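If you read the sequence shown in my numbering, its first letter stands for residue 2, the second for the next number, and so on. Cβ coordinates follow ideal geometry from the N, Cα and C atoms, glycine included. Quick caveat, the model's predicted, so the values are computed rather than measured. See below for the structure under consideration.
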Amino acid sequence: MHGKMKKSSRQENKRKPSPDEQRRDEKYNDDKSYCRFHRRYGHTTETCRHVMSLIQEYSNTPQSQDDAERRDQNRQAANQRRRRDEDDDAEKNAPQPLPNPDDLPPPPKRHVR
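Here you go:
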């Protein structure tokens with residue numbers, strides 16, 4: 002072993018990326034964009050093709066239709082509760098009726114100079 006060192010098996014198994022792979026990596030190597038799905042930088046979650054395909058697959062399932070119906074029902078129930086609460090608040094905060102003039106004390110006497 003004079004002069005040359007033997008490569009470790011780890012170094013031998015590591016292959017160089019092809020030029021296409023390098024270009025693809027450079028294209029998505031943006032430190033300002035972060036994908037929460039992949040938990041890495043390079044693209045945003047909103048533009049992530051993987052997330053978009055998962056959403057598309059899910060939207061075609063019967064479960065997604067059930068979830069949408071349940072969401073609509075919950076939204077309607079919440080709106081009804083909000084309207085009822087607003088009506089209750091309006092009744093509680095309504096101005097008191099003016100007293101009957103006969104029930105009021107006489108006005109104070111004015112001094113004329």
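Close beta carbons around residue i, own chain, < 7 Å, minus the five adjacent residues each side
| i | result |
| --- | --- |
| Gly52 | Per the sequence shown, the amino acid found at residue 52 is Val instead of Gly. Same-chain partners within the cutoff: Phe38, Thr46. |
Supposed close pair residue i, residue j - CB separation, criterion 8 Å
| i | j | result |
| --- | --- | --- |
| Tyr42 | Ser54 | Actually they are not in contact, since the Cβ atoms of Tyr42 and Ser54 sit about 21 Å apart, beyond 8 Å. |
Residue i versus residue j - alpha carbon distance
| i | j | result |
| --- | --- | --- |
| His44 | Ser60 | 23 Å |
| Ala78 | Cys36 | 35 Å |
| Arg85 | Arg71 | 21 Å |
| Pro109 | Pro100 | 18 Å |
| Glu58 | Asp89 | 44 Å |
| Pro107 | Glu92 | 31 Å |
DSSP state of residue i mapped onto helix, strand, coil
| i | result |
| --- | --- |
| Arg76 | helix |
| Ser71 | It should be pointed out that residue 71 corresponds to Arg in this sequence rather than to Ser. In the structure shown, Arg71 sits in a helix (DSSP, three-state: H, G or I). |
| Arg41 | strand |
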